[in-house]
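First comes the structure, then the notes that go with it.
There are 2 protein chains.
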Amino acid sequence: MRVSRYFLPVLKESPSDAQIVSHKLMLRAGLVRQTAAGIYAWLPIGYRVLQKIEQIVREEQDRAGAIEMLMPTIQAADLWRESGRYDAYGPEMLRIRDRHDREMLYGPTNEEMLTAIVRDELKSYRELPRTLYHIQWKFRDEVRPRFGVMRGREFLMKDAYSFDLDEAGARQSYYTQLLAYLRTFQRMGIQAVPMKAASGPIGGDLSHEFIVLAPTGESEVFYDAAFEEFDWQQSDLQYGDAEGLQKLFDQVSSTYSATDETHDESRWATIAKDRQRTGRGIEVGHIFYFGDKYSAAMGLKVSGQDGKPVTPMMGSYGVGVSRLVGAIIEASHDDAGIIWPESVAPWKVGVVTMRQDDDASVAAAEELYGNLQLAGVETAYDDRDERGGAKLATMDLIGLPWQVIVGPRGVAGGTVELKRRSSGERHELSVESALARLTE
Amino acid sequence: MRVSRYFLPVLKESPSDAQIVSHKLMLRAGLVRQTAAGIYAWLPIGYRVLQKIEQIVREEQDRAGAIEMLMPTIQAADLWRESGRYDAYGPEMLRIRDRHDREMLYGPTNEEMLTAIVRDELKSYRELPRTLYHIQWKFRDEVRPRFGVMRGREFLMKDAYSFDLDEAGARQSYYTQLLAYLRTFQRMGIQAVPMKAASGPIGGDLSHEFIVLAPTGESEVFYDAAFEEFDWQQSDLQYGDAEGLQKLFDQVSSTYSATDETHDESRWATIAKDRQRTGRGIEVGHIFYFGDKYSAAMGLKVSGQDGKPVTPMMGSYGVGVSRLVGAIIEASHDDAGIIWPESVAPWKVGVVTMRQDDDASVAAAEELYGNLQLAGVETAYDDRDERGGAKLATMDLIGLPWQVIVGPRGVAGGTVELKRRSSGERHELSVESALARLTE
Numbered sequence: 239m240r241v242s243r244y245f246l247p248v249l250k251e252s253p254s255d256a257q258i259v260s261h262k263l264m265l266r267a268g269l270v271r272q273t274a275a276g277i278y279a280w281l282p283i284g285y286r287v288l289q290k291i292e293q294i295v296r297e298e299q300d301r302a303g304a305i306e307m308l309m310p311t312i313q314a315a316d317l318w319r320e321s322g323r324y325d326a327y328g329p330e331m332l333r334i335r336d337r338h339d340r341e342m343l344y345g346p347t348n349e350e351m352l353t354a355i356v357r358d359e360l361k362s363y364r365e366l367p368r369t370l371y372h373i374q375w376k377f378r379d380e381v382r383p384r385f386g387v388m389r390g391r392e393f394l395m396k397d398a399y400s401f402d403l404d405e406a407g408a409r410q411s412y413y414t415q416l417l418a419y420l421r422t423f424q425r426m427g428i429q430a431v432p433m434k435a436a437s438g439p440i441g442g443d444l445s446h447e448f449i450v451l452a453p454t455g456e457s458e459v460f461y462d463a464a465f466e467e468f469d470w471q472q473s474d475l476q477y478g479d480a481e482g483l484q485k486l487f488d489q490v491s492s493t494y495s496a497t498d499e500t501h502d503e504s505r506w507a508t509i510a511k512d513r514q515r516t517g518r519g520i521e522v523g524h525i526f527y528f529g530d531k532y533s534a535a536m537g538l539k540v541s542g543q544d545g546k547p548v549t550p551m552m553g554s555y556g557v558g559v560s561r562l563v564g565a566i567i568e569a570s571h572d573d574a575g576i577i578w579p580e581s582v583a584p585w586k587v588g589v590v591t592m593r594q595d596d597d598a599s600v601a602a603a604e605e606l607y608g609n610l611q612l613a614g615v616e617t618a619y620d621d622r623d624e625r626g627g628a629k630l631a632t633m634d635l636i637g638l639p640w641q642v643i644v645g646p647r648g649v650a651g652g653t654v655e656l657k658r659r660s661s662g663e664r665h666e667l668s669v670e671s672a673l674a675r676l677t678e
Numbered sequence: 239m240r241v242s243r244y245f246l247p248v249l250k251e252s253p254s255d256a257q258i259v260s261h262k263l264m265l266r267a268g269l270v271r272q273t274a275a276g277i278y279a280w281l282p283i284g285y286r287v288l289q290k291i292e293q294i295v296r297e298e299q300d301r302a303g304a305i306e307m308l309m310p311t312i313q314a315a316d317l318w319r320e321s322g323r324y325d326a327y328g329p330e331m332l333r334i335r336d337r338h339d340r341e342m343l344y345g346p347t348n349e350e351m352l353t354a355i356v357r358d359e360l361k362s363y364r365e366l367p368r369t370l371y372h373i374q375w376k377f378r379d380e381v382r383p384r385f386g387v388m389r390g391r392e393f394l395m396k397d398a399y400s401f402d403l404d405e406a407g408a409r410q411s412y413y414t415q416l417l418a419y420l421r422t423f424q425r426m427g428i429q430a431v432p433m434k435a436a437s438g439p440i441g442g443d444l445s446h447e448f449i450v451l452a453p454t455g456e457s458e459v460f461y462d463a464a465f466e467e468f469d470w471q472q473s474d475l476q477y478g479d480a481e482g483l484q485k486l487f488d489q490v491s492s493t494y495s496a497t498d499e500t501h502d503e504s505r506w507a508t509i510a511k512d513r514q515r516t517g518r519g520i521e522v523g524h525i526f527y528f529g530d531k532y533s534a535a536m537g538l539k540v541s542g543q544d545g546k547p548v549t550p551m552m553g554s555y556g557v558g559v560s561r562l563v564g565a566i567i568e569a570s571h572d573d574a575g576i577i578w579p580e581s582v583a584p585w586k587v588g589v590v591t592m593r594q595d596d597d598a599s600v601a602a603a604e605e606l607y608g609n610l611q612l613a614g615v616e617t618a619y620d621d622r623d624e625r626g627g628a629k630l631a632t633m634d635l636i637g638l639p640w641q642v643i644v645g646p647r648g649v650a651g652g653t654v655e656l657k658r659r660s661s662g663e664r665h666e667l668s669v670e671s672a673l674a675r676l677t678e
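Here the protein sequences line up with chains A and B, keeping their order. Read in order, the letters of the first sequence correspond to residues 239 to 678 in our numbering. Read in order, the letters of the second sequence correspond to residues 239 to 678 in our numbering.
Encoded structure:
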């Protein structure tokens, strides 16, 4: 991408209406613009990050055997009357009447719709278990939307729903999603800790929130340092390994983690002081087991092995995809701007000419940019005729993991500067070495 | 994908409420289910096709230099008051009041929103031209939704918007999208013919519809056989080549094509009889130049080279992404089901065991499936314990380009049958040869 032909409106000043750092930085770095209260347009750079996060979520869901589909945003009110939630749901539900005066709503979640679809299509125990998911925009009409995309009204969520013949099967589906979540967040370069939720909708131990650690988080959290040491992504644990998944669940359950609501001082005291971690956190995912709550209310049944009808047991599994953009920024930034983990960065590398009027610099930068593109390295090339200092400040603000700074003095000696955004380290090296480093 | 673990509900009978073949086949082959009048859930196989179509549209937009972003589905009514369209737009606009009784709407299109965003961010002539696009769900509250996703209420559209300093620049942006459209539809394996639209919103020659030919199309069309011979995809024409793009436009403009509304018998008569093509067609795209209609109404200005304010000239460019799924089926099916062009097929290959209780067949099929996956060939493997004939009928119905049929007799002799869906050709050949053919 050439910045001179892109759409990257950055702001020098922090907008006064933004209260938290991620909201400020998302506005300043040109990721989003508000188009109505709590509703945002994703500008090109923001949408790139959103798509990367979405794709990681998708890949880990697929790897876990969940099947992708897409449900519509607008739902019929009658569907929600079947579960009894139409009246129970408060004013956060955006209710709509169409031209024929039929009651509709903008879906805040999809338990009812998917239960109805599955009810019409699945007939036999042989067709279970199944976990289906979609990544779709939802709407919750927050009374006071704030904090940018962290508490917006229109937001992107991944929601998965599992259908099993019995509770034992449903537990396996739950453990499978638990592992998928641990892998998903770790791939995004953030520390997310699973915490038993204060109370699942039907009690029991099968409800976890996933909390990203960030100094500006909304709630206080406590956890064992062990959570920083697990490598979920590289773990050999296979989906389908029932025993291994049970062990994983036991390990997660027995390792201390709690929000201030569930914090237990006496258990906390048993953890070695140097293993106690406290901080603040942002919820980015929530998984639930809810048994037959929807299947029973909506009459979902399949024929069991003995020919008798069985009511499937269900769970649901949400990830706040658009919220994660804000949460990652809360967890990874400095005074100069965003510091993207490489897996979700809009581009891996930014190439900057310090003087666009210096032919040798431009020639070197063009060649480097061309070679990076040939090598498949996602690169933003700031080829604008602007002050070098301003261009560097923009690169820091938008937070690409690597910067290559091309200036007249270096180019005369055949070198460029390679800067790592996260550490600030800068090295002067030959163009070839820089290219080799970035493509390795 | 293993069918035994997938969600692929097929119907033996045509649903009685579906009037056109694409709607029938989309229901029968398990692509969609209606969840409210004119609103559909995309089941896994349907969503795969939708994503493939979306990705082709995206790649060709990117190649043409358009920049992707994402605008929200819900818009503020006030935005539409600025252009005067809020009151002008009829009951097809889904109007909504939020919890604070503010007037909102579900966007049917995004001229106003993007003009407002650009107005706030672009300051100088140096930042133009720009073409921005998004692929987002829209809503039009059709009074009588019908024909499945062909005339649904919630639908996926790609809409691009170009901003130029003057009409000459805007023409170039228009030609660029024209070429991108020709390439886009050709990549999908369908014949789409550009036709001058009856009247652009501001007259002139810069408004084209793109019509996919299908016997069940909504309108009659007439065109020169030359449109069947152009290879837009492989053309050497580069974006940015102003002269080449002008030639392309002149070529398209001078080659006869018309809907029944614009048909000109005297021009038609000048075309050799064996070059005259008539048929029926479905609109899948529409591109417009509309000058300063929105920029003037909404006060979008940038400073020109001489420092004086300039009102940019705009165009908009739509593709009916979800509609294309239906249109491609209309254009490509037979009595047995859908015939997907390879570029949009949900999987390239279907592997079928005729007898899942025959160990040798299963072993051969498993190995083949494993090897196809290793080679990166998208494969659906029907490993269910069902009658072979029913499985083959399902494969024909869902329309994968290639089928590999694994039966006890063939396997005993080391062979499988390879069937090409489009022609029905079947060849018996060794497992190795089949694999080689499918991975070449």
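Positions of the beta carbon are idealized from the N, C-alpha and C atoms, including for glycine.
Endpoints, the beta strand (DSSP E) within which residue i is located
i	result
A:H372	R368 to F377
B:Q313	I312 to A314
A:W585	Where A:W585 is concerned, there is no enclosing beta strand (DSSP E), given that its DSSP letter is neither H nor E.
A:E392	E392 to D402
A:E447	S445 to L451
B:M433	A430 to K434
A:Q641	W640 to V644
Which residues DSSP lists as bridging residue i, in chain order
i	result
B:V387	DSSP, once it has assigned bridges, lists no residue as partnering B:V387.
B:R271	B:A279
A:Y527	A:G553
B:G575	B:D572
Candidates the options, of which the one nearest residue i by Cα
i	options	result
B:R421	B:W640, B:R513, B:V295 and B:S254	B:V295
B:T549	B:M536, B:E392, B:I355 and B:A480	B:M536
A:G645	A:R382, A:K629 and A:E320	A:K629
A:G427	A:F245, A:K290, A:I258 and A:F526	A:K290
A:V649	A:R593, A:V615 and A:G627	A:R593
B:A232	B:K511, B:E380 and B:V669	Lying before the first or after the last residue shown, residue 232 of chain B is absent from chain B, which here runs from 239 to 678.
B:D620	B:A613, B:L612 and B:D634	B:D634
A:A672	A:A613, A:I636, A:D404 and A:G626	A:A613
B:A601	B:I576, B:G652, B:S254 and B:E580	B:G652
A:D316	A:G345, A:A302, A:E298 and A:I305	A:G345
Chain B residues whose Cβ lies nearer than 9 Å to that of residue i
i	result
A:Q484	Neighbours of A:Q484 on chain B: none; closest Cβ ~21 Å, over 9 Å.
A:Q313	T273, A274 and I277
A:V381	R337 and H338
Extent of the continuous alpha helix (DSSP H) run through residue i
i	result
A:A534	K531 to M536
A:R675	V669 to T677
A:S560	V559 to A569
B:A603	D597 to L612
A:K205	Residue 205 of chain A falls outside the range modelled here, since chain A spans only 239 to 678, and no answer is possible.
A:I355	E349 to E359
B:Y412	E405 to R425
Within chain B, the residues that residue i reaches when beta carbons sit closer than 7 Å
i	result
A:E298	Result: empty, since nearest Cβ-Cβ is about 17 Å, beyond 7 Å.
Residue i: contacting residues in chain A (beta-carbon distance under 9 Å)
i	result
B:E405	Per Cβ cutoff of 9 Å: no residues; B:E405 is ~21 Å from chain A at best.
B:M342	A274, I277 and L332
Neighbouring residues, chain B, relative to residue i (Cβ below 8 Å)
i	result
A:V615	The contacting residues do not exist; A:V615 stays about 17 Å from chain B at best.
A:G303	R243
Cross-chain neighbours of residue i in chain A, by beta carbon under 7 Å
i	result
B:P247	E359
B:I643	Under the 7 Å cutoff, chain A gives no residues; its nearest Cβ is about 23 Å from B:I643.
B:I355	R271 and A279
Worksheet item: Per the contact definition of three or more C-beta pairs closer than 8 Å, is the region 478–487 of chain B in contact with the region 408–416 of chain B?
Response: yes
Worksheet item: Would you call the region 327–337 of chain B and the region 440–457 of chain B touching, i.e. three or more CB-CB distances under 8 Å?
Response: no
Worksheet item: Is the region 555–565 of chain B touching the region 519–529 of chain B, taking contact as three or more C-beta pairs under 8 Å?
Response: yes
Discussion item. For the region 364–372 of chain A against the region 396–403 of chain A, do three or more pairs of beta-carbon atoms, one drawn from each stretch, fall closer than 8 Å, so that the two count as touching?
Written reply: yes
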